[in-house]
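With the sequence shown counted from 1, adding 31 to any position gets you the working numbering.
From the three backbone atoms N, C-alpha and C, an ideal C-beta is built for every residue, glycine too.
Everything below concerns the one structure shown next.
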Amino acid sequence: MIELFRTNIQHKGAKKQVLMAIREQIPGVVATLELDDNDKMLRVVGAWAPVPTQQIIELVKQQGFSCEVFND
């Protein structure tokens with residue numbers, strides 16, 4: 032399962048911080064973040080289970096950034 036999120040993450044250091052937090056707290060997902068994208072798109076893939084959408088949103092917000100499901 033793949034879930035896309037719109038964020039306001041702007042810098043490489045913040046990107047690294049958020050991706051590390053996701054890896055540490057949510058095993059079984061692979062996350063990438065595109066800083067060059069206008070929506071600062073966070074892409075999360077669940078390896079063997081559905082992506083815990085609300086947990087991802089709360090985790091990113093705990094890091095000090097906005098995060099919402101991207102519905103295009």
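Chain B within 8 Å of residue i, Cβ atoms only
{"i": "A62", "result": "You won't find chain B in this structure, because it holds only one protein chain."}
Cβ distance (whole Å) where residue i is taken to contact residue j below 8 Å
{"i": "I87", "j": "V75", "result": "6 Å"}
{"i": "I40", "j": "K46", "result": "6 Å"}
Which residues DSSP lists as bridging residue i, in chain order
{"i": "L66", "result": "Answer by DSSP bridge pairing: none, since L66 is not bridged."}
{"i": "F36", "result": "L73 and V100"}
Extent of the continuous alpha helix (DSSP H) to which residue i belongs
{"i": "I87", "result": "T84 to Q93"}
{"i": "I53", "result": "K43 to Q56"}
Environment of residue i [buried if 16+ CB atoms lie within 10 Å]
{"i": "Q62", "result": "First, the residue type needs correcting, since residue 62 is Ala and not Gln in the sequence shown. Classification for A62: buried."}
Same chain only: Cβ atoms within 7 Å of residue i, ignoring 5 sequence neighbours per side
{"i": "D70", "result": "R37 and F101"}
Contacts around residue i, its chain only, beta-carbon distance under 8 Å, and the 5 residues preceding and following it disregarded
{"i": "G44", "result": "none"}
{"i": "M72", "result": "L35, F36, R37, T38, L64, E65 and F101"}
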